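If you're matching them up, the sequences are chains Y and C in order.
Heads up, the first sequence is in numbering that gives the first Met the number 0, so the first residue is 0 and it goes up one at a time.
Heads up, the second sequence is in numbering that gives the first Met the number 0, so the first residue is 0 and it goes up one at a time.
Just so you know, even glycine gets a beta-carbon here, dropped at the ideal spot from N, CA and C.
Only a predicted model underlies this, so the values are computations on that prediction, with no experimental measurement involved.
Protein chains: 2
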Amino acid sequence: MWPRCFIVLRGGMNAIAYNRLRSAWLCTQDMTLNALRHIPLLADAPAHLLDELARESRQRVLSRNEILFAQGSPALTAYFVLSGRVRLMQHTTDGQDVAMGVFVPYEPVGLLVAIVGAPYPGACEALDHTTVLAVSAASIARVMSQHPPLMLKVIKMMHARLTEANDRIRELAAERVERRLARVVLRLANKVGVKEEVNGASRIRIDMPLSRQNLAELAGTTLHTVSRILSDWQRSGLVDTGREHLVILRAHDLVLVAEDIAPTEDARSRSS
Amino acid sequence: MWPRCFIVLRGGMNAIAYNRLRSAWLCTQDMTLNALRHIPLLADAPAHLLDELARESRQRVLSRNEILFAQGSPALTAYFVLSGRVRLMQHTTDGQDVAMGVFVPYEPVGLLVAIVGAPYPGACEALDHTTVLAVSAASIARVMSQHPPLMLKVIKMMHARLTEANDRIRELAAERVERRLARVVLRLANKVGVKEEVNGASRIRIDMPLSRQNLAELAGTTLHTVSRILSDWQRSGLVDTGREHLVILRAHDLVLVAEDIAPTEDARSRSS
DNA sequence: CGGAGCGTTGATGAAAATCAAGCTGTGTGG
DNA sequence: CCACACAGCTTGATTTTCATCAACGCTCCG
Chain Y
0 MWPRCFIVLR GGMNAIAYNR LRSAWLCTQD MTLNALRHIP LLADAPAHLL
50 DELARESRQR VLSRNEILFA QGSPALTAYF VLSGRVRLMQ HTTDGQDVAM
100 GVFVPYEPVG LLVAIVGAPY PGACEALDHT TVLAVSAASI ARVMSQHPPL
150 MLKVIKMMHA RLTEANDRIR ELAAERVERR LARVVLRLAN KVGVKEEVNG
200 ASRIRIDMPL SRQNLAELAG TTLHTVSRIL SDWQRSGLVD TGREHLVILR
250 AHDLVLVAED IAPTEDARSR SS
Chain C
0 MWPRCFIVLR GGMNAIAYNR LRSAWLCTQD MTLNALRHIP LLADAPAHLL
50 DELARESRQR VLSRNEILFA QGSPALTAYF VLSGRVRLMQ HTTDGQDVAM
100 GVFVPYEPVG LLVAIVGAPY PGACEALDHT TVLAVSAASI ARVMSQHPPL
150 MLKVIKMMHA RLTEANDRIR ELAAERVERR LARVVLRLAN KVGVKEEVNG
200 ASRIRIDMPL SRQNLAELAG TTLHTVSRIL SDWQRSGLVD TGREHLVILR
250 AHDLVLVAED IAPTEDARSR SS
């Protein structure tokens, strides 16, 4: 598709402009190739396959809250996040949204559905200014059939996702909201946490804009309950939180909440 | 491992007994091969691979409530259910069990973890008198590497499971218990339902022993709540249920409950 | 300055867990 | 063959958790 595009463009511009664009394109190609090399899933694929993929993929830039794909639309392309963050969510019939996960650079999104040819089971939204690499399902299929070890890696990655999904099911079925929220926050800290030192104290900042609503959709509750719990945590010095930001102050104690080894003071006072 | 076992046995028996056992073994081999052919995952694998697998796999018989493998133990073997039903469950730290699913003949169990070399994330228990086929992780890995299309089928199967897991997450996060229970029952009906005609009325019997506790673990609730809801459904003629059995009388109306198109009379009266 | 979007907090009520007690069918051992 | 123990089930009462409703505060931005 790209070459054809070039021919069309060439008709309307002089040789210098064409060459400038061409070198920009080559540069983009080069960057794309470079990006592909960072993707763990493709880490040990042979070079010629990466070249092939780079030629057949396109970058797409999303601004905050922009939708990458909608729930139920046919999954003709798979994406790899290159920078920023996206989240996957499913709408319920009664209008709520449930978040299925947050994806960070070099993670695939919609890869599995593109492989098996199912429609996207949820919508994908940029949480931030984000760039993704779009690869057609056909390219993915061809590359995979040419390089079977890649399938094994896909299986491993899917296993990790399935494990996380099972963890969430277990939590949602058996655990209280405060604990679930603690796990959500810790999981996010693992993905996008940045360690900071302030006054000799070590803190973990969640490096993305994160509203109460977002957290509620991840924890399976309402923004009100999230707000109350975060206020409690704030009061007991566990976190520092405010409008769309969250910093974990005492990670160890938050783990205790997540594991329910010691309920917070406030959880107890709220319940008394 | 089998041949060695034979040599040992042979030492302690006469030729006739040996030959009888040998033919029994060959017969079992044959049955195993036949069983393998019924497994959709292996449906279009070449014959010699099936032979290989048949030689390297063993059948195992489980009686009701027997544990096939424990949560956290290393997944050195994958299983295929041949008859009966098993369920997968995870224990929570505070002693509850959450069911991850019910598996019926020709479905794989523990296949993924065997492939990726992770420990079993949950325990597997026979719900009924059950036979399974045990295949070592090593055999699976070898066969898969010899026949890449098999990996693609594994990916498709995983996708189905991941989709179901996501559905459950959405339900648990956003839906009321009655609706979730209705979905659980309908899902079971799809898997193990037997259509029956009684007095001209069509019913679907859930063909497995199924306690309130089992249902509660599948729906993410308590046996008390399950009992109350089933009593309500019974009163309104939706189902016929009793000690470890469940028959759907008006499947269509149960779907309405699952989709929350029309709440049952009793759900409304309970709430008033 | 005013509105939109996000967050907090109190009050209330509904859903479902928990506590408690008793029932019933099934299998078992005397 | 009966009694009895037990596992599964039912149901009422109470309590807890959390969603919902409602109101208001803060802050950013046009």
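Taking the CA atoms as reference points, Y/L49 sits about 22 Å from Y/G116. An exposed status is given to C/R63, since fewer than 16 other beta-carbon atoms sit within 10 Å of its beta-carbon. Scanning the segment 80-155 of chain C from its first residue to its last, the whole beta strand (DSSP E) runs of 3-plus residues come out as 85-90, 96-102, 122-125 and 129-135.
Residue-level contact check: Y/R169 touches chain C, since one or more beta carbons of chain C fall below 8 Å from its beta carbon. When DSSP states are grouped into helix, strand and coil, C/L209 belongs to the coil group. Taking a Cβ-Cβ threshold of 7 Å, none of the residues of chain C is close to Y/L75; the smallest such distance is about 16 Å. For C/R182, the uninterrupted alpha helix (DSSP H) segment begins and ends at V176 to V191. Here Y/T129 is buried, its C-beta having at least 16 other C-beta atoms within 10 Å.
Assignment of C/S201 by DSSP, reduced to helix, strand and coil, places it in the strand class.
Straight across, the Cα-Cα distance linking C/M30 with C/L61 is about 18 Å.
Taking each of Y/D259, Y/S82 and Y/R186 in turn and checking the Cα distance to Y/L217, the smallest one comes out for Y/R186.
In the structure shown, C/Q70 adopts coil according to DSSP, grouped into three states. Just so you know, the alpha carbons of Y/V246 and Y/E196 end up roughly 12 Å apart. Of all residues in the segment 154-182 of chain Y, only I154, K155, M157, H158, R160, L161, T162, A164, N165, R167, I168, R169, L171, A172 and A173 place a beta-carbon less than 7 Å from a beta-carbon of chain C. DSSP places Y/E196 in the strand class (E or B) of the three-state scheme. Contact of Y/Q89 with chain C is assigned, a C-beta pair being separated by under 8 Å. The beta carbon of Y/E106 sits closer than 6 Å to those of V80, all from its chain and outside the five residues before and after it, given in chain order.
DSSP places C/L253 inside the alpha helix (DSSP H), whose first and last residues are A250 to E258.
Closest in C-alpha terms to Y/Y119, from the list Y/Q95, Y/H90 and Y/A140, comes Y/H90. Taking C/A69 as the centre and dropping the five residues before and after it, the same chain places the C-beta of A122 closer than 6 Å to its C-beta, in chain order. Minimum Cα-Cα distance from Y/I114 among the listed residues Y/V142, Y/D96 and Y/G94 corresponds to Y/V142. Per DSSP, Y/D239 is one residue of the beta strand (DSSP E) stretching across V238 to G241. Taking each of Y/L40, Y/A77 and Y/A44 in turn and checking the Cα distance to Y/R57, the smallest one comes out for Y/A77.
Within the same chain, L35 and L49 come within 7 Å of C/L41 by CB-CB distance, once the 5 residues on both sides are set aside. Look at the beta carbons and you see the segment 147-161 of chain Y not touching the segment 206-213 of chain Y: under three pairs across the two are nearer than 8 Å.
DSSP places C/L41 within a helical segment (H, G or I) once states are collapsed to three. At a cut-off of 8 Å between C-beta atoms, C/T129 does not count as an interface residue with respect to chain Y.
The shortest CA-to-CA distance from Y/E65 to any of Y/G83, Y/G71, Y/L75 and Y/I38 is the one to Y/G83.
Residues of chain Y whose Cβ lies closer than 7 Å to the Cβ of C/Q95 are, in chain order, A173. Across the segment 101-131 of chain Y, CB contacts with chain C closer than 8 Å involve L111, V112, I114, V115, A117, P120 and G121, in sequence order along the chain. For Y/Q95 against C/A173, the beta-carbon gap comes to about 5 Å, under 8 Å, which counts as contact. In the three-state reduction of the DSSP assignment, C/T76 falls in the strand class.
A straight line joining the alpha-carbon of Y/G71 with that of C/R54 spans about 44 Å.
In this structure, Y/R249 lies near Y/G236, with their beta-carbon atoms less than 8 Å apart. Closer than 8 Å to the CB of Y/E258 there is at least one CB belonging to chain C. In this structure the segment 155-167 of chain C touches the segment 153-173 of chain Y; the number of beta carbon pairs closer than 8 Å is three or more.
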